[in-house]
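Once you know that position 92 of the sequence shown is 87 in this note's numbering, the rest is easy, because the numbers rise by one and skip nothing.
Yeah, the Cβ is synthetic: ideal placement off N, Cα and C, and Gly gets one too.
It should be emphasised that the depicted structure is a prediction, and the values quoted were computed from it without experimental measurement.
Data block below; observations after.
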Amino acid sequence: MSPKTVFKKIIDREIPAEIVYEDQECLAFKDINPQAPIHVIVIPKKEIPNLEELREEDEALIGHLFIAMQRIAQQMGISTGYRVVLNNGPDAGQEVMHMHFHLLAGRKFDWPPG
Ligand code: 5GP
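This is the structure:
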């Protein structure tokens, strides 16, 4: 069995995190190295390494994550503007192999992204 990722350890409460939202399917917590005044990581509790490992059965879960992000944005008062990022695979800078969205807000974002 492969070792637990840091995000799985957060789900299992083996390491601490500043949790901002949780329900049966997902967990959201503040990024340890924030790239914006608000930087939240949103993860499914199900261990899916990245988009390449998504299966048809995960379709509803992905929709659920977006609804959760909408709720988190409302809860944090950033509904007027935020950026959602998914780094998929090493070439895109994915470091933690547990699929996750970055929810960023509180500053101006450039386009195209760096
Ligand atoms: P990735 O590069 O995989 O898309 O993003 C991983 C993110 O997880 C990074 O922004 C990094 O700062 C964050 N991160 C890594 N380890 C921890 C941790 O132990 N706790 C928290 N809260 N965030 C982490």
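Buried or exposed (CB count within 10 angstroms, at least 16 for buried), residue i
i, result
"F96", "buried"
"P39", "buried"
"I27", "exposed"
Beta-carbon contacts of residue i that lie in its chain and below 8 angstroms, excluding the five residues immediately before and after
i, result
"Q30", "H97, L99"
"M71", "V15, I33, V35, A100"
"K41", "E20, D53, L56"
Residues near residue i by beta carbon distance below 6 angstroms, same chain, minus five either side
i, result
"Y16", "A23, I67"
"A12", "I5, F24"
Residues that residue i bridges to, as DSSP identifies them
i, result
"F96", "V37"
For residue j and residue i, believed in contact at Cβ under 8 angstroms, the rounded distance
i, j, result
"V37", "L56", "Not a contact, Cβ separation roughly 12 angstroms."
"M64", "V79", "6 angstroms"
Which complete alpha helix (DSSP H) runs does the region -1 to 33 hold, if anything under 4 residues is left out?
Secondary structure within the region -1 to 33: the alpha helix (DSSP H) runs of 4 or more consecutive residues, fully enclosed, are 1 to 6 (chain order).
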